[in-house]
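When you line the sequence shown up against the UniProt record's numbering, it's residues 1 to 489, in that order. Just below is one structure, and these are the notes that go with it.
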Amino acid sequence: MQTASPTLPMLQIQNFINGEFVPPAAGRYLDNVEPATGLVYGQIPDSDAADVARAVEAAQAALPGWRALPAEKRGLLLVRIADLIEQNLEQLAQAESRDNGKPVALARVVDIPRAASNFAFFGTGVSHFASETHFQEGVALNYTVRHPLGIVGCISPWNLPLYLFTWKIAPALAAGNCVVAKPSEVTPATAYLLGELCQQAGLPPGVLNIVHGTGPGAGQALVEHPLVKAISFTGGTKTGEHIARTAAPMFKKLSLELGGKNPNLIFADCDLAAAVSTSIQSSFSNQGQICLCGSRIFIERPIYEQFKAAFLARVAGLTVGDPQEAGSKQGALVSEAHLLKVQSYIELARQEGGTLLAGGQRVQLAGRCVGGFFLQPTVFEGLAPDCRTNREEIFGPVVTLTPFDTEAEALDWANGTDYGLSATIWTRDLDRAHRVAHQLHAGVVWINTWLLRDLRTPFGGMKNSGVGREGGLEALRFFTEAQNVCVKL
Ligand code: TXE
Numbered sequence: 001m002q003t004a005s006p007t008l009p010m011l012q013i014q015n016f017i018n019g020e021f022v023p024p025a026a027g028r029y030l031d032n033v034e035p036a037t038g039l040v041y042g043q044i045p046d047s048d049a050a051d052v053a054r055a056v057e058a059a060q061a062a063l064p065g066w067r068a069l070p071a072e073k074r075g076l077l078l079v080r081i082a083d084l085i086e087q088n089l090e091q092l093a094q095a096e097s098r099d100n101g102k103p104v105a106l107a108r109v110v111d112i113p114r115a116a117s118n119f120a121f122f123g124t125g126v127s128h129f130a131s132e133t134h135f136q137e138g139v140a141l142n143y144t145v146r147h148p149l150g151i152v153g154c155i156s157p158w159n160l161p162l163y164l165f166t167w168k169i170a171p172a173l174a175a176g177n178c179v180v181a182k183p184s185e186v187t188p189a190t191a192y193l194l195g196e197l198c199q200q201a202g203l204p205p206g207v208l209n210i211v212h213g214t215g216p217g218a219g220q221a222l223v224e225h226p227l228v229k230a231i232s233f234t235g236g237t238k239t240g241e242h243i244a245r246t247a248a249p250m251f252k253k254l255s256l257e258l259g260g261k262n263p264n265l266i267f268a269d270c271d272l273a274a275a276v277s278t279s280i281q282s283s284f285s286n287q288g289q290i291c292l293c294g295s296r297i298f299i300e301r302p303i304y305e306q307f308k309a310a311f312l313a314r315v316a317g318l319t320v321g322d323p324q325e326a327g328s329k330q331g332a333l334v335s336e337a338h339l340l341k342v343q344s345y346i347e348l349a350r351q352e353g354g355t356l357l358a359g360g361q362r363v364q365l366a367g368r369c370v371g372g373f374f375l376q377p378t379v380f381e382g383l384a385p386d387c388r389t390n391r392e393e394i395f396g397p398v399v400t401l402t403p404f405d406t407e408a409e410a411l412d413w414a415n416g417t418d419y420g421l422s423a424t425i426w427t428r429d430l431d432r433a434h435r436v437a438h439q440l441h442a443g444v445v446w447i448n449t450w451l452l453r454d455l456r457t458p459f460g461g462m463k464n465s466g467v468g469r470e471g472g473l474e475a476l477r478f479f480t481e482a483q484n485v486c487v488k489l
């Protein structure tokens with residue numbers, strides 16, 4: 001693999017264990033590639049079981065002090081981290097963009113602000129986490145204590161690196177656990193910077209430990225470690241299945257946020273301009289690499305042609321370019337391997353009889369991005385709702401348009417995959433909106449909007465999209481163990 005420049009020092013990041021940056025025990029490193037250039041620009045620890053064991057040891061030493069701190073005090077530390085993320089927003093956004101290939105403009109308004117909100121939300125929210133009592137008049141008083149689990153593992157993917165990493169870490173810490181976290185080996189940079197901010201915030205050593213490395217290496221060791229009581233994982237469905245197979249016999253708590261193949265249902269009575277504009281976002285934000293992206297767009301036949309024309313006109317305006325440039329609406333895909341995977345689905349869609357309406361080609365940029373992993377936003381029509389292109393998660397800038405005639409047909413097709421993460425409905429008919437929403441097999445349903453998030457709401461998928469719910473009290477419940485105490489009156 002070519003490197004960015006033989007004269008510049010590589011950005012070599014380290015593990016964050018016991019409040020310090022330390023090299024991996026075996027001294028091995030992995031290359032980190034910048035997706036926009038295709039060049040190696042840094043190295044990350046290729047950690048193994050020894051590094052995970054060291055992190056767990058640090059977490060164990062820190063645990064008595066951390067769980068004994070009043071919730072408000074723990075919360076204040078988390079709010080301090082949130083403030084530091086905001087103060088360092090620009091540096092973090094630049095790092096996220098370089099590491100992941102996403103437009104820096106997107107990282108500035110979505111990824112990094114949300115990472116700050118995650119800490120602020122759970123840092124304050126934990127003070128409002130009340131215990132339940134069940135009072136039986138004259139008989140007994142039951143009250144439920146929620147103890148932290150102890151040491152927990154958080155494993156996150158590459159698509160929204162700091163956003164999803166902190167979405168797990170913040171509630172785990174707020175609830176009084178110590179954490180060993182592994183970010184994706186594809187996008188380690190902002191997790192590394194988070195370690196620095198935790199130092200600055202005065203988070204006690206060992207409370208949060210960040211171990212870098214591959215899934216089969218560091219990730220597997222974390223899932224297998226007997227002192228790690230729970231695993232919160234976001235990533236691919238196959239990986240989730242593997243993690244469940246490893247962790248379930250050890251009776252670990254598991255939260256699995258997995259893939260999606262989300263439908264957009266566009267009814268003829270909708271606000272068409274809003275439906276088109278938001279569908280562009282839900283199709284192509286972050287190059288379609290968001291598990292909540294809607295990749296199957298079902299449109300009621302009377303407005304099909306009108307929707308299609310307006311949608312394609314907007315697709316033509318999505319400039320693919322250097323993620324650092326303000327005018328770029330589409331950055332690079334995260335890696336060459338992922339680009340090849342997405343391209344293989346474009347080929348599959350062709351073989352399955354799809355008509356290509358837009359895109360379909362790799363984009364060759366000039367200058368510094370000449371070797372980058374860019375792809376045109378791609379739109380197909382004419383594919384059967386049950387073909388592989390319409391059932392399997394592509395996780396890239398590829399969507400299909402399909403006309404439907406009845407509500408029942410649209411629902412049948414929308415529910416016709418193994419996934420059940422999210423869905424979007426566009427209609428002005430309130431009765432229909434609720435009726436359809438309740439029949440969709442999706443953990444999250446948006447009506448006349450997309451990706452509008454309230455952190456208090458339960459978040460997660462049905463079917464192969466996952467197990468458990470994150471967000472709000474659900475997350476605090478996941479990271480605690482309920483104990484009922486019964487007092488006879
Ligand atoms: O995910 P992986 P990848 C989907 C999407 C994508 C596919 C693969 O379809 O194409 O998953 O992406 C760690 N034990 N999503 O390869 O492999 C790994 O190191 C413990 C959906 O990135 O599942 C990383 O930190 N950990 C998704 C994390 O798991 C293991 C977002 C996710 O990696 C492990 C991203 C193991 N045995 C991809 N193997 C969403 N729903 O948001 C891997 N890991």
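All C-beta atoms in this analysis are idealised placements derived from N, C-alpha and C, irrespective of residue type, glycine included.
Near ligand 1: residue i beta-carbon under 7 Å from a heavy atom
i	result
Val-399	no
Asn-159	yes
Val-186	yes
Phe-395	yes
Glu-257	yes
Pro-216	yes
Gln-220	yes
Pro-183	yes
Ile-280	no
Cys-154	no
Val-436	no
His-225	no
His-338	yes
Cys-293	no
Ile-13	no
His-212	no
As assigned by DSSP and simplified to three states, the class of residue i
i	result
Asn-262	strand
residue 548	Residue 548 lies beyond the range of the chain shown here (1 to 489); nothing can be said about it.
Gly-42	strand
Pro-161	helix
Phe-251	coil
Phe-374	strand
Val-109	helix
Lys-182	strand
Gln-14	coil
Asn-448	coil
Glu-305	helix
Val-334	coil
Gln-483	strand
Ala-215	For the sequence presented, residue 215 should be read as Gly rather than Ala. Looking at Gly-215 - three-state DSSP - the assignment turns out to be helix.
His-147	strand
Glu-34	strand
Ile-425	strand
Leu-357	strand
For residue i, the nearest candidate out of the options (CA to CA)
i	options	result
Tyr-163	Asn-18, Thr-187, Val-40, Tyr-143	Thr-187
Gly-371	Pro-24, Val-33, Ile-299, Gly-213	Val-33
Arg-80	Ile-210, Lys-168, Ser-344, Gln-199	Gln-199
Leu-272	Ala-309, Ala-423, Ser-295	Ala-309
Glu-381	Asp-418, Tyr-304, Ala-230, Glu-325	Tyr-304
Asn-88	Glu-132, Trp-66, Asp-111, Asn-142	Asp-111
Asn-262	Ala-332, Gly-27, Ala-50, Lys-463	Lys-463
Cys-154	Phe-374, Lys-252, Arg-388	Lys-252
Gly-235	Gln-483, Leu-69, Phe-395	Phe-395
His-242	Ile-266, Pro-216, Ile-85	Pro-216
Leu-145	Phe-119, Phe-129, Glu-137, Ala-326	In the sequence on display, residue 145 carries Val and not Leu. Comparing Cα positions, the closest option is Phe-129.
Asp-412	Asn-264, Ser-232, Ala-53	Asn-264
Gln-281	Pro-302, Val-315, Ala-268	Val-315
Glu-196	Gly-150, Ser-279, Ala-82, Trp-167	Ala-82
Ile-231	Val-152, Gly-260, Asp-269	Val-152
Own chain partners of residue i with C-beta closer than 7 Å, once the 5 adjacent residues on each side are dropped
i	result
Gly-460	Glu-257, Gly-443, Gly-466, Gly-468, Arg-469, Glu-470
Val-126	Ala-71, Arg-74, Gly-75, Ala-174, Ala-175, Leu-476
Ala-437	Ile-425, Val-445, Ile-447
Ala-244	Leu-254, Leu-256
Ala-201	Leu-77, Arg-80, Ile-81, Leu-84
Strand pairing of residue i, partner residues [DSSP]
i	result
Tyr-345	DSSP output for Tyr-345 lists no bridge partner at all.
Ala-93	The partner list for Ala-93 (beta bridge, DSSP) is empty, contrary to what the question assumes.
Gly-460	Looking at the DSSP assignment, Gly-460 forms no beta bridge with any residue, so it has no partner.
Val-363	Phe-374
Pro-403	Ile-299
Gly-294	Asn-262
Own chain, CB closer than 8 Å to residue i, minus 5 neighbours either side, in chain order
i	result
Arg-368	Ala-36, Thr-37, Asp-322
Tyr-345	Thr-389, Glu-392, Ile-394, Gly-396, Val-398
Contact set for residue i: own chain, Cβ-Cβ below 6 Å, skip 5 residues either direction
i	result
Ile-299	Ile-266, Phe-307, Pro-403
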